[in-house]
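Chains as they are written, first to last, in numbering that gives the first Met the number 0: chain X, 0 to 201; chain L, 0 to 201; chain B, 0 to 201; chain C, 0 to 201.
One structure is given below, encoded as structure tokens.
Number of protein chains: 4
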Amino acid sequence: MPKNRLEAFADGIFAIAATLLTLNLAVSEGHPLGQELLTIWPQYAAYAISFVTIGIIWINHHAMLQRLVSVDHAILVLNLLLLLTIGVLPFSTALMAEYLNASHGQNLAAVVYGGSFLLMSLAFFAIQRHLLLAKPHLLQDHLTPEVRQAVLRRNATGLLPYAVATVSGIVSPFLTLAICALVGVFYALPRTRFDVQHQRDA
Amino acid sequence: MPKNRLEAFADGIFAIAATLLTLNLAVSEGHPLGQELLTIWPQYAAYAISFVTIGIIWINHHAMLQRLVSVDHAILVLNLLLLLTIGVLPFSTALMAEYLNASHGQNLAAVVYGGSFLLMSLAFFAIQRHLLLAKPHLLQDHLTPEVRQAVLRRNATGLLPYAVATVSGIVSPFLTLAICALVGVFYALPRTRFDVQHQRDA
Amino acid sequence: MPKNRLEAFADGIFAIAATLLTLNLAVSEGHPLGQELLTIWPQYAAYAISFVTIGIIWINHHAMLQRLVSVDHAILVLNLLLLLTIGVLPFSTALMAEYLNASHGQNLAAVVYGGSFLLMSLAFFAIQRHLLLAKPHLLQDHLTPEVRQAVLRRNATGLLPYAVATVSGIVSPFLTLAICALVGVFYALPRTRFDVQHQRDA
Amino acid sequence: MPKNRLEAFADGIFAIAATLLTLNLAVSEGHPLGQELLTIWPQYAAYAISFVTIGIIWINHHAMLQRLVSVDHAILVLNLLLLLTIGVLPFSTALMAEYLNASHGQNLAAVVYGGSFLLMSLAFFAIQRHLLLAKPHLLQDHLTPEVRQAVLRRNATGLLPYAVATVSGIVSPFLTLAICALVGVFYALPRTRFDVQHQRDA
């Protein structure tokens, strides 16, 4: 299958999952609106963090596909599993927003929230690993084994913050939220010249 | 009509239907969250199975369109009917998730769930049959009558598991779910060299 | 603006509006499932008719754009108005499904349902008219004034059934539904050789 | 990253956010349908204004990208922030529709509604400014510094009406709605020859 069809389907799911997050933004009736808009701040935080995270994974997904010449059955299946984890994010985001200020269940909700990001990262890592180690013949020519190892190592490092965020939920859901937000902020920072060169090689 | 526009519309509906499945994932308030997250396991199972099934039909849809040079009115209409059956899946999935553990209606829900997959497969078979038997002039050159017969036979075989899953709902909704899951797992398995050759010919 | 960007946005809205119709399919709790699945037949009918109608207008929208070489500001604005009417269809469809069997309001719901299709057709006619009469320089070369008149006349004729369906709602909502369904069936019928020739010219 | 992938993702989010607005259209039961359909007119107004506004920003987004040759990390991040503000619009639109005729909270809802449009315009202005001032090497050749200044000035002017609409909410939510509607109508007006020339230069 030519990879552009894969891109179209994946782009669709990334865009829809990100936009469906908006359905989690809602006020309840019966309270003064001003107070209610302040009370639901976990909704805004969870919305913004999840939206940016989906955006980041979308950008990385493109970088990954750009290294490919074409796709085969195993890649399609692994990609489908990744998209399945993307589809879960509106659910885990709603959970986090609903329970962050609740009197019970907030720690579990945070673990599920961090865990859904970890799951997504693991699915991403699985495709990346499969491409770089098992399917070098489908990659662009200029990817030397050294570059491939470097890309994979960077990917593996990316799993760490989400693993920490998941476990942190046991201590405090706010910690989970903060770590997930920091990943987004870190990624959004201007790239140094080193990064850019690094990225170009990969 | 050039087939790329058909692809864009179909890709959109496949991607949206798959992502809308996420709206079926939800916890009810009033129970401890931990217990609630365990109780709703039919939601996860139905979500994952339906997501993967839509993914599989999307992959097959592409394989089908790749054999085509262009599309005509009859193909557009048959394709619209296929997409209509795809749009039903979030509904039948919600039904399955809601009734799997209920004290009544679970068998009927399973029949509807399996039946919605069967309906989708029948619509797919109808297009495939139309293309291969009635519109050979729209197909790529290298498709000999023998290859076309083989593709169609493989498609017809694909109807069987969903027919069995539908009828199984009368006995047990869990059986329906298991069969639908197995179809997904079977499809996700690595292809043998024989399959790949087979697929290339088709 | 090159017309392919317009197509991507329009395709997205057509596909999403069609798939969102699925959210109107739902059973209420508290009744035996079998009885409930029979009771909600207006939901199925309204879903299928609206889905197919959106599909038809999507196909016609493509035919319209294929005649164009590029798009300008007025076309973008008129197209946006058409898409706005498409976005209303999930609402009017829900209304029709909910009130068809109700003891009051069913006639008004049918008028709104038929009226939303009429509105969409009028918006479509407005673009078509603008393109064919005011912007001949943006059209493909081979469209003679005679062919353009013929296309426009066919379009105007297409308004009639929806006007009748809207007014029929006053008499019976079932009549409205039947007329809208018939338009779909008529369109799905195999084209005669005459139609095909006609279409090729246009 | 080639800009066509950015376009596909952005088009998806624009189209989904616009179509999700339809979920805000709903009648409550328990009232005569005719009266209810009149009562919910703020829903129609908010739907139409938000839909057209998203359409306008989509058109401007394309104009912006057409000036670009390729995109870099900073543009991707700024674009993601713009899309995040687009995803908020179904929420602020629902708020406006729900509170416009309410006995309390209507002014705050209008400030939030106008504010969400202002936020979106600010995010748009931020990308535009970044492109035109910081990344001239990514722009098409023919954009002289004078033209770039003119584009930016026009963009800054576009912020004004939404700032006024936001503040007006304190006085009257109807004023906010009217200003947002006027922006849409103004944009939809036929372009003069001067505008067209102006636009071609930019």
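Heads up, the beta-carbon is just placed ideally off N, CA and C, and yes, glycines get one too.
Predicted, not measured: the structure shown is a model, and the values here were computed from it.
N- and C-terminal bounds of the alpha helix (DSSP H) containing residue i
i: residue 117/B; result: 105-128
i: residue 158/B; result: 144-170
i: residue 94/X; result: 72-98
Buried versus exposed, by CB contacts within 10 Å (16 or more), residue i
i: residue 100/X; result: exposed
i: residue 189/X; result: exposed
i: residue 215/C; result: Any answer about residue 215/C is impossible in this case: the structure gives chain C only from 0 up to 201.
i: residue 10/X; result: buried
i: residue 28/L; result: exposed
i: residue 4/C; result: buried
i: residue 15/L; result: buried
i: residue 202/L; result: This structure gives no information on residue 202/L, because the portion of chain L shown stretches from 0 to 201.
i: residue 88/B; result: buried
i: residue 33/B; result: exposed
i: residue 64/L; result: buried
i: residue 145/C; result: exposed
i: residue 133/B; result: exposed
i: residue 68/C; result: exposed
i: residue 141/C; result: exposed
i: residue 193/L; result: Caution applies to residue 193/L, whose pLDDT of 48 falls short of 50 and renders its modelled position unreliable; the model cannot decide the point.
i: residue 50/C; result: buried
i: residue 70/X; result: buried
i: residue 90/L; result: buried
i: residue 115/L; result: buried
i: residue 260/X; result: Residue 260/X lies beyond the stretch modelled for chain X, which goes from 0 to 201, so this question has no answer here.
i: residue 26/X; result: buried
i: residue 148/X; result: exposed
i: residue 139/L; result: exposed
i: residue 150/C; result: buried
i: residue 13/L; result: buried
Residues that residue i bridges to, as DSSP identifies them
i: residue 138/C; result: 67/C
Residues of the stretch 156-190 of chain X with Cβ closer than 9 Å to any Cβ of chain C, in chain order
Within the stretch 156-190 of chain X, the residues whose Cβ lies closer than 9 Å to some Cβ of chain C are 186, 187, 188, 189 and 190, listed in chain order.
Mind checking the stretch 27-46 of chain X against chain C and listing, in chain order, the residues whose C-beta falls within less than 8 Å of any C-beta there?
Answer set for the stretch 27-46 of chain X: 31, 32, 33, 36 and 46.
Cβ-based contacts, 7 Å cut-off: residues of the stretch 10-27 of chain B near chain C:
Those residues of the stretch 10-27 of chain B that come within reach of chain C (Cβ to Cβ, closer than 7 Å) are 11, 12, 15, 16 and 19.
At a CB distance below 9 Å, what residues from the stretch 82-100 of chain C approach chain X? Give them in sequence order.
Of all residues in the stretch 82-100 of chain C, 82, 83, 85, 86, 87, 88, 89, 90, 91, 93, 94, 97 and 98 have a Cβ within less than 9 Å of some Cβ in chain X.
Which full runs of the beta strand (DSSP E) of 3+ residues lie inside the stretch 6-47 of chain L, going along the chain?
As far as the stretch 6-47 of chain L is concerned, it has no whole beta strand (DSSP E) run of at least 3 residues.
Using a beta-carbon distance cut-off of less than 8 Å, what residues from the stretch 120-132 of chain X approach chain L?
Answer in chain order: no residues at all.
Between the stretch 48-62 of chain L and chain X, which residues of the former have CB atoms less than 7 Å from a CB of the latter, in chain order?
For the stretch 48-62 of chain L, residues whose beta-carbon sits nearer than 7 Å to a beta-carbon of chain X comprise 50, 51, 54, 57, 58 and 61.
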